[in-house]
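Residue numbers (the UniProt record's numbering), protein chains in the order written: chain R, 1 to 118; chain U, 1 to 118; chain A, 1 to 118; chain H, 1 to 118. Glycine included, every Cβ here is placed at the ideal spot set by N, Cα and C.
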């Protein structure tokens, strides 16, 4: 068993994960409609960009999915969940740039590391 | 002991309380800075306005308090909490209009019913 | 149009609404499985019971619904949402007792006033 | 500029970050008192342990800090924030074990990678 001090790239990946978990669990459950989706997407991006080492957050609330979900129901809004989100987060840490992305895959929102550049 | 079916005014007050609890506990803890405060305030108002019987939500993130809090620290953002918020919510239910407000009082954010009009 | 100071019963209903909105939007989105449901239900009840005028909160996480949802998926946990919850909240305010309940109705979680007793 | 596929250790660190961000932003703002702190700590740990690759979550709600905060106020509960938390999360991913920790440092809750073992 070897104990290892984290590399800068590993710390950058840890920081990127924090941003994703924060974004998702802060905003999941928010009431959202096609009309209010743009302001929510902007607030999500700008609030998470406050976090340390966060260069850029891009949030797209998928209004096509939102409209499809509402068409099946009698309500005119629903709760924000991964099905309605596409998110990209770029983190810079000590010269490492990490790009991460959340997309639907087989019906589940999957958060993954896209690239790690030193 | 008498059991009583709620009046429309009582239901309107219940609905108004739901909106306040929702707004506060959905968004408390969000990273916020003076720069990102306006987009957060807009998203808070527009998302809660989706809820049933909600006529209008007005959210003011108090940037003066935010700047005072940040001046005492080494960080350039903080977490949203009641100290930084002034909120008014108007609910209409079956002809009753309820106005509710959250403001600081003795260092605590206090949610209260302002008026109930039938 | 008459402007009216809220009655104690109306304030009690407002307070009950706050508890419901708080409970729902604080905990919606929490990862939950049949195994972790009991500890989550206990924490939800005990945390909301801290709020002013809150006499009792009863939370039942419906493990039958949870198991049905997981049977359709490849995951072994999901996110907490209204579909998995039955909640009763009792508020006392200045001698008024308000009983409120959340249950599914036509596929939607509905929060409603059950009784207002003075 | 080189583009690089993430290593297993980097993915493990990303996964650990997700758990931390999730835990913090799901539960920050929850009403908490010395009496309700233990059930909240248990629910936080058990809910986050549901997430993929999460081996163990240890949450300590610091009742000493909680009591100190309440002694300064007229309330008997407060909102959960980093000041009241000590958390350790262990993630296993493809044979890598990542230990992460959140503790107060200079008045701020700091999340950091403790060790990465392959």
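- When the beta-carbon positions are compared, residue 100(R) and residue 111(R) come within less than 8 Å of each other.
- Under the three-pair Cβ rule at 8 Å, the stretch 19-26 of chain A counts as touching the stretch 10-21 of chain U.
- By DSSP's assignment, residue 85(U) forms a beta bridge with 61(U).
- Residue 39(A) is positioned such that its CB atom lies no closer than 8 Å to that of residue 5(H).
- Think of a sphere of 8 Å around the beta carbon of residue 79(R): the chain A residues whose beta carbon falls inside it are 28 and 81, in chain order.
- At least one C-beta of chain A is nearer than 8 Å to the C-beta of residue 40(H).
- Between residue 29(U) and residue 80(U), the gap from beta carbon to beta carbon is short of 8 Å.
- Judged by DSSP in its simplified three-state form, residue 77(H) adopts coil rather than helix or strand.
- For residue 75(U), the C-beta contacts it makes with chain H under 9 Å involve 108, in order along the chain.
- It is roughly 19 Å from the alpha-carbon of residue 117(H) to the alpha-carbon of residue 87(H).
- By DSSP's assignment, residue 97(A) forms a beta bridge with 92(A) and 117(A).
- With distances taken between CA atoms, residue 109(U) lies nearest to 75(H) out of 90(H), 106(H), 108(H) and 75(H).
- By the Cβ-count criterion, residue 10(H) is buried, with 16 or more other Cβ atoms from all chains shown falling within 10 Å of its own Cβ.
- About 31 Å separates the CB atoms of residue 35(A) and residue 91(A); that is not less than 8 Å, and the two are not in contact.
- For residue 32(H), the chain A residues whose C-beta falls within less than 8 Å of its own C-beta are 47 and 50, listed in chain order.
- Spatial neighbours of residue 45(R) in its own chain (CB-CB distance under 7 Å, excluding positions within 5 residues in sequence) are listed in chain order as 57, 58 and 59.
- The C-alpha of residue 94(H) lies about 6 Å from the C-alpha of residue 8(H).
- In the DSSP assignment, residue 39(R) falls within the unbroken alpha helix (DSSP H) covering 37-49.
- Around residue 55(A), the same chain offers 90 and 92 as residues with beta carbons nearer than 6 Å, after the five sequence neighbours per side are excluded.
- Distance from the CA atom of residue 63(R) to the CA atom of residue 26(A), rounded to whole angstroms, is 25 Å.
- If you draw a 10 Å sphere on the C-beta of residue 67(A), you find fewer than 16 other C-beta atoms in it, and that means exposed.
- Here DSSP, grouped into helix, strand and coil, assigns residue 72(H) to coil.
- The alpha-carbon of residue 104(H) is positioned some 20 Å away from that of residue 71(H).
- The beta carbon of residue 43(H) sits closer than 8 Å to some beta carbon of chain A.
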